[in-house]
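Protein chains: 4
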Amino acid sequence: MGWNTWNHFGCSIDEDLILSAAKAMIQYDLPSYGYNYVNMDDCWHAATRNASGAPQPDPTKFPNGIKALSDQIHSMGLKFGIYSDAGTMTCGGHFGSLGYEEIDAQTYAEWGVDYLKYDNCFNQGLSGTPKLSYDRYNNMSVALNNTGRPILYSMCNWGEDGPWNFASTIANSWRISGDVYDNYDRWDVRCPCDSFIDCKLAGFHCAMTRIIDFAAPLGQKAGPGHWNDLDMLEVGNGGMTYDEYVTHFSMWALLKSPLILGNDVTNMTNETLSIITNDAIIAVNQDSAGSPATRQWKRSVSEGGYLELWSGSLVNSQFIIALMNTSPTNQTVTVSFEDVFIDQGAAYQTGTFTLTDLWQKDDQGNWGKEVGTYTAQIPNVEIG
Amino acid sequence: MGWNTWNHFGCSIDEDLILSAAKAMIQYDLPSYGYNYVNMDDCWHAATRNASGAPQPDPTKFPNGIKALSDQIHSMGLKFGIYSDAGTMTCGGHFGSLGYEEIDAQTYAEWGVDYLKYDNCFNQGLSGTPKLSYDRYNNMSVALNNTGRPILYSMCNWGEDGPWNFASTIANSWRISGDVYDNYDRWDVRCPCDSFIDCKLAGFHCAMTRIIDFAAPLGQKAGPGHWNDLDMLEVGNGGMTYDEYVTHFSMWALLKSPLILGNDVTNMTNETLSIITNDAIIAVNQDSAGSPATRQWKRSVSEGGYLELWSGSLVNSQFIIALMNTSPTNQTVTVSFEDVFIDQGAAYQTGTFTLTDLWQKDDQGNWGKEVGTYTAQIPNVEIG
Amino acid sequence: MGWNTWNHFGCSIDEDLILSAAKAMIQYDLPSYGYNYVNMDDCWHAATRNASGAPQPDPTKFPNGIKALSDQIHSMGLKFGIYSDAGTMTCGGHFGSLGYEEIDAQTYAEWGVDYLKYDNCFNQGLSGTPKLSYDRYNNMSVALNNTGRPILYSMCNWGEDGPWNFASTIANSWRISGDVYDNYDRWDVRCPCDSFIDCKLAGFHCAMTRIIDFAAPLGQKAGPGHWNDLDMLEVGNGGMTYDEYVTHFSMWALLKSPLILGNDVTNMTNETLSIITNDAIIAVNQDSAGSPATRQWKRSVSEGGYLELWSGSLVNSQFIIALMNTSPTNQTVTVSFEDVFIDQGAAYQTGTFTLTDLWQKDDQGNWGKEVGTYTAQIPNVEIG
Amino acid sequence: MGWNTWNHFGCSIDEDLILSAAKAMIQYDLPSYGYNYVNMDDCWHAATRNASGAPQPDPTKFPNGIKALSDQIHSMGLKFGIYSDAGTMTCGGHFGSLGYEEIDAQTYAEWGVDYLKYDNCFNQGLSGTPKLSYDRYNNMSVALNNTGRPILYSMCNWGEDGPWNFASTIANSWRISGDVYDNYDRWDVRCPCDSFIDCKLAGFHCAMTRIIDFAAPLGQKAGPGHWNDLDMLEVGNGGMTYDEYVTHFSMWALLKSPLILGNDVTNMTNETLSIITNDAIIAVNQDSAGSPATRQWKRSVSEGGYLELWSGSLVNSQFIIALMNTSPTNQTVTVSFEDVFIDQGAAYQTGTFTLTDLWQKDDQGNWGKEVGTYTAQIPNVEIG
């Protein structure tokens, strides 16, 4: 959990912007919710590496260097993340780390880096089989481990060659698709694959609910220490309604995606703040069982779009249930425990459970309100 | 044929449990039906290999070691199977055999192992082309042969890269899909491929009849000594009805899948026992011609689901015919010999045959009752 | 053009059978039509190679050895073909040539072999990328060239990895699909791919018209000296009607597939003989331009099946037009020259042409009867 | 921008033809519009390389050699392009450059070559993974760079293995599909792939609008110095109507494809000339932002075919909007700024813009006429 510069600021970043964001995170008490990482994405680079071949930052944007920035962030009790690319150039056209894994990892460690997002542009054809992608990303994994500093390794190869199959032993998370954009469910030709199981053009401009679709078969591959990354959050960037952002945040949480804020944290509405600080939802995301929810069914709606039921198990015999609606109208659905508890078996399917709505607040003003006790089904749920 | 710990007990195994199962197999006379292998699946492992790099069992679960367990099983006239993985870890997170093929095979031989199930988790990207999968699985094949001990080699790479194309010279059987689950025909998003001819995410939670679907084009690749493995049986685990388990057992048999029980053999209903001891069906499975049946047609039913006709040839001019129904209602169908004998030609298609129903008992109480003589067709068969 | 043992006799071959076939070919004057090759398919092998590692025949089936057989066939003015496999075993389980390319090619040359059909079974995972398939098949190509004897090289890798893309510089022809079977258009689950552009399970039991479907996009890749091989002919084997065999022979001819008889040439009906000796059709096949016809359209028919228009160009400003019907009923269609001459342009599309029906005989009893002169279209053609 | 021999003349080229074309380009003032390259495609070759292994031209077609031709073209102020192939032979069967990259690049540089189109035939199976294609094409890239002469490198591997993913660091442009042909939207079996994201048979005879379809998801991969090449233009070759060629030229322009004329420039109608000299459209193509337009939607039309909306951004806060219609009838559509400005956000989507029709001329006779000011939408546009 943390924050990243890219979704809102793209290449327009500098020391001030990052420090302002870090301060805002403190001011809004975000670390107490778990948002600890301050991640600097692409475009921090100087035009070239230094004479020794080591990476160096843009001297205008980062006049005090990265180490100074990192120190300040650490002094606030936060962690610091950086970005590079497993190719000759980053996606933004700056120097990449392919062939420079050792010196780059060493430099990051010297700078006090705690997190590396490692992208996939300009990889010189070193993809197309799991072996090629594994080897390329493993080189940085080994280099990071060689530094002796714990650095969270966030692979960003856009689901190419199935990282869910090969990356769990070398990385902490892996992106599963092309980049999200701030939109609920619009299909965009730049995110052309219907599934990411064998997608050959990850692209970008993937609508939020499409990424949920992509993630549905992949939950089985994630677990503690090795996660599917559904991409950074768009909550607060303005392209979706409150209900849509609630869906976005909830689904990212129950699919156990890293929760990395992508908005301008120095300038948030109350609505945005209330969504990202729903600690009941965050608890689902951080549940120690680390088991992503599963889509139990997906039904087409006659008006267009789909209605979906998701469920999953948490620690302490608790379970999570979610309905998602991409149709243009409200839908009413009866949730059968036969579907919810497909993995738990007959006793659960006919059992009685107390239901807590994580998007209502209880009498004490805390997220999560008990809304009744149900046996075998929850009848007539309305989902907007 | 045999029994395996996984489907019913998962990781909760130890010496007592396995010996109890072996004793129950003797008590129920299962070896006389052909069930000879007692196979210990994942989670028998200690936390690490021993100081020499050799595998060693969990000292709590197996206080007497594996050799002692194997000896006891052999003393009952049964054979003993073990489990490992062609990766750095087993699917359950224990040490894998990748890079340790020789020492592991030698150790298994010393332990008196007769069967190896060899899984596919954490394979470091060594898949994606038949060559990579072949090389990785061949390393263990060579190592097993080097021991001099006959050890049945059961590849479990979930159909990746088409083992039916490359494994017949190195293994005795190969899994064709993700793991079965104890369900007749429910579609589950965790088993997302519609076909396994080029599936890139094998997954698990594949319903029983979906695996039959996956197997349909692959029967041509199996034969004596090299079999398609449809995964271990779920008969008796409670998720299907009697008729559904009858279908399960019958179809596994006529597709010549290994028949490995996956239930708790110490606690079986009479129904379960009667299914798994239908020696007429077992004879079809063990028929020396070793020729899997072929699906001759698959027709959609207006109420949903499908009706399928399968047929195949046995030794001694006998043939097997099966109908399968995944629709929600009973179906009536006339079986044409033109379809049944597509491979045998015109003389058979117009011929006269005596029909034996392998799921009825004759006057002596033996499975298999003659139910009439038919020419060119069997009219109006009802299939539930 | 020639004859091959497999389609009719499978593994039941010996010297007598092959010599009888060769004599029948002479008796029926087939060489004068172009049928020159007598090809011995799988199962000619002894149990093992000889002590030097060279191939040797089954001593019972071929008591005089292969050289003697080859000599006799040459003495009849015919050429002699043999079969092997780019794997460890042939499809029938005999020794393969993988790793023995040089000694096998040398031996074939010593035996006077003129043609090699080179199969794809048991290839140890050496497929899955064009490079792997190319290298494996190129090894034999080089070995054949090293013998100094001209040996026609007929690749049989079932279209795997797209031989039309990589084989034209190393082979004379390449199979494009799984094995044909003697059936007009029945779909069989053992030939599961809808297209062979990227088929991962070639299989067999591919109906005749399905192979035409597979060939449709591939005609562009063939030309003099490098041909798409649609597999050996089934004409005369009994599974199709006269009209269906006429379609079979015609389409193989205009797609420029090698015409290798697959029936029992010692026992042919007059109908069979008349089809395979239609020298007008054979002339289309052997036309020196070597340009396969193209499918100009394929239209679904309401009763089921399809109607297709094919056209192509021959030398001397002649063109070939074919209609194919896989629907259950007769169809009437107007053939537009806009479609026929899509490659030739406007002048041809409005031009006037004299039409010869190659399946009618003229007044002198020769195949090919003029049936009229047409401008811009041929109206109301009936196709059964 | 320039002209190429292939689309109109194929293999029938010689020095006179190319010089005549160059002179016609000067006569029609085409260089002032940006058409600077005179590109000689396949079939300029002698039967073999010279004794040193260097390429040499056909002495009959090019009696003065290539250097002399190049000099004459340079003396007209034009640039000179040549063609070769990353295989053992060119598509036309002449010597290829595979294994001869250094000597060929050096020779081209000596000849004064400014542009290389590098084809993909007969590549010996060196494709099928991005790595294999990258390595093969990179060999020529390195060789060209080693010459010290700036030579534009135009990859023509027909989209195999996704050059948009791997070629931007080694080439200036890459073909994305099989060859175009001079037809608006006819489906042809020789261009069988529905998408080029993972096409295994590029083929040829791809209709013009099908190539636009192929290009739609790929625009995101192009930018200054690395372009998607939709293939050479067919404008003026006679297979399309005026409106269709207008669509062709417009869409190539806004997708930022290289504009390489493929007609006979010595013999052009006024219509043809007016299309290719629409400098407003050319300005869109050459816009320095280098950002290809995106297809915002594609809607099927009940009469058949599709209606599409494309939009993109240019420098100076200008935008391009295009509608394309492949249905058989005129269509009326309201263009919503919500769709046009999906990337620019809410302020643009409700904004007011002045519209210029680039295919009408203004009062001064210049291409581009203001046709009104619109807010939020352009209602009722008719598209033929």
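Residue numbers (my numbering), protein chains in the order written: chain B, 1 to 384; chain X, 385 to 768; chain H, 769 to 1152; chain D, 1153 to 1536.
Just so you know, even glycine gets a beta-carbon here, dropped at the ideal spot from N, CA and C.
For P1480(D), no chain H residue has a C-beta closer than 9 Å to its own C-beta; the minimum C-beta separation is roughly 15 Å.
Counted as a single uninterrupted DSSP element, the beta strand (DSSP E) harbouring I378(B) occupies residues 377 to 383. Judged by DSSP in its simplified three-state form, F393(X) adopts helix.
By the 16-neighbour rule on beta-carbons within 10 angstroms, I402(X) is buried. With fewer than 16 neighbouring CB atoms inside 10 Å of its own CB, T1393(D) falls in the exposed class. V685(X) and L691(X) do touch by the CB rule: their CB atoms are close to 6 Å apart, below 8 Å. Linking A1206(D) to H1160(D) through their CA atoms gives a straight-line distance of about 28 Å. Counting other Cβ atoms within 10 Å of its Cβ, Q680(X) reaches 16 or more and is therefore classed as buried. DSSP places D498(X) outside both helix and strand once states are collapsed to three, so it counts as coil. Contact of Y902(H) with chain D by beta-carbon distance below 7 Å involves Q1276, G1277.
In chain B, no part has a C-beta under 7 Å from the C-beta of S1440(D); the shortest such distance is about 16 Å. Of all alpha-carbon atoms in D135(B), Y108(B), M251(B), the one lying nearest the alpha-carbon of I151(B) is that of Y108(B). In the DSSP assignment, T1037(H) falls outside any beta strand (DSSP E) and carries neither an H nor an E.
Against chain D, a Cβ distance below 7 Å from F204(B) picks out Q1372. Judged by DSSP secondary structure, S459(X) falls outside any beta strand (DSSP E) and instead within the alpha helix (DSSP H) spanning 449 to 459.
In chain order, V189 make up the part of chain B whose C-beta sits under 8 Å from the C-beta of R1447(D). In this structure, E869(H) sits near A911(H), with a CB-CB distance shorter than 8 Å. The CB of A216(B) comes closer than 7 Å to the CB of V573 in chain X, given here in chain order. Using a CB distance cut-off of 8 Å, P1315(D) does not count as an interface residue toward chain H. Cβ-Cβ separation between N504(X) and G471(X): approximately 7 Å, consistent with a contact (criterion under 8 Å). In this structure, Q604(X) sits near G971(H), with a CB-CB distance shorter than 8 Å. For I965(H), the C-beta contacts it makes with chain D under 9 Å involve P1344, C1345, C1351, K1352, L1353, in order along the chain. Assignment of F166(B) by DSSP, reduced to helix, strand and coil, places it in the helix class.
Between F848(H) and the set K829(H), T816(H), Y1116(H), K885(H), the nearest pair of CA atoms involves K885(H). DSSP places Q1208(D) in the coil class of the three-state scheme, outside both helix and strand. Short of 8 Å from the beta carbon of D1495(D), and not among the five residues preceding or following it, lie these beta carbons of its own chain, in chain order: T1446, S1465. Rounded to whole angstroms, D1331(D) and K1175(D) show a C-alpha spacing of 27 Å.
For the set R978(H), A1021(H), V1033(H), the Cα lying nearest the Cα of A1051(H) is the one of A1021(H). The secondary-structure analysis by DSSP pairs K847(H) across a beta bridge with Y805(H).
What G867(H) touches in chain X, judged by beta-carbon distance under 9 Å, is nothing: the nearest beta carbon there is about 13 Å away.
Assignment of L900(H) by DSSP, reduced to helix, strand and coil, places it in the helix class. The contact set of S1320(D) on chain B, defined by CB atoms closer than 8 Å, consists of F122 in chain order. Interface flag for K640(X) against chain H is unset, since no Cβ pair is found closer than 8 Å. For T373(B), none of the residues of chain X pass the 9 Å Cβ criterion, the least Cβ distance being about 27 Å.
W995(H) and P1026(H) have their C-alpha atoms some 7 Å from each other. A contact between stretches requires three or more CB pairs, one per stretch, nearer than 8 Å, and the segment 958 to 973 of chain H meets this requirement with the segment 931 to 947 of chain H.
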